[in-house]
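Novice: First, the structure itself, so that you have it in front of you.
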Amino acid sequence: MKVSKQTIQYHYQRLPTKNRQKDSQGTNMISLTAERIIRDKVAKTLVAKTQQTGSKKVTKTSKENNELIATLRREIEDLKSQRDKQLATKDRQIDHLTKLVDQQQQLQLATVADNRRLKDHVQKLSGQLTQKTNDNLSTGNDLFNIQDKKSKIAKQKIVKSGSNKDGIHTNRAIKRWWKFW
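If you read the sequence shown in the working numbering, its first letter stands for residue 15, the second for the next number, and so on.
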């Protein structure tokens, strides 16, 4: 039963006198009924002690649990604050990137508008150039025809430059000074 002698003596002395017996030498004798009563009392105290020990363990465990819960709550609060800071940083980054995208879109629209204006200007200039070219072509064709006629005339006017020693005649065309380049 894992009980000390003193515990048994204590319970034996508390027994009613009719359940206590002594032998001829004066030693205490425990009858079956006394043994049963003592066992019951010791068992009750053991059960009570284990319950108290269990409740103490529960108390210790609940204190440990409360400390653990408090620690976990602090960690949760720290994690929440870190998360909130990260979300705030992300929000600022998103706002900044949104502004950059808006600026890029505005710049692109301005560039497209400038390109359209330049294209229209080039078309106007090319239209004027086409008219001038058509005018110049008609004038150029006239000039070309005139120059062609002059060159034909020049070819017909071949100057005969005397005869060589051998009696060979050489013909030379008249060359103007601007035709040397």
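Heads up, the beta-carbon is just placed ideally off N, CA and C, and yes, glycines get one too.
All values derive from a computational prediction rather than experimental measurement.
(1) How far does the alpha helix (DSSP H) with K19 in it extend, from its first residue to its last?
(2) Going by CA-CA distance only, name the one from D54, Q27, Q142 and T47 that's closest to T41.
(3) Using 10 angstroms around the beta-carbon of A57, count the other beta-carbons present and answer buried if the total reaches 16, otherwise exposed.
(4) Is the distance from the Cβ of I51 to the Cβ of N33 below 8 Å?
(5) Beta strand (DSSP E) containing N42: first to last residue?
(6) Can you find the residues in the same chain that come closer than 8 Å, C-beta to C-beta, to Q35, ignoring five residues on each side of it along the sequence?
(7) Tell me the DSSP secondary structure of Q35 in three-state form.
(8) Quick check on DSSP: helix, strand or coil for K16?
(9) Taking the alpha-carbon positions, what's the E89 to D116 distance?
(10) Rounded to a whole number of angstroms, what is the C-alpha to C-alpha distance between V61 and I83?
(11) Beta-carbon within less than 6 Å of L29's beta-carbon, same chain only, minus the 5 sequence neighbours each way: which residues are those?
Specialist: In short:
(1) K19 to Q27
(2) Q27
(3) exposed
(4) yes
(5) N42 to I44
(6) N42, M43, I44, S45 and A48
(7) strand
(8) coil
(9) 40 Å
(10) 31 Å
(11) A48
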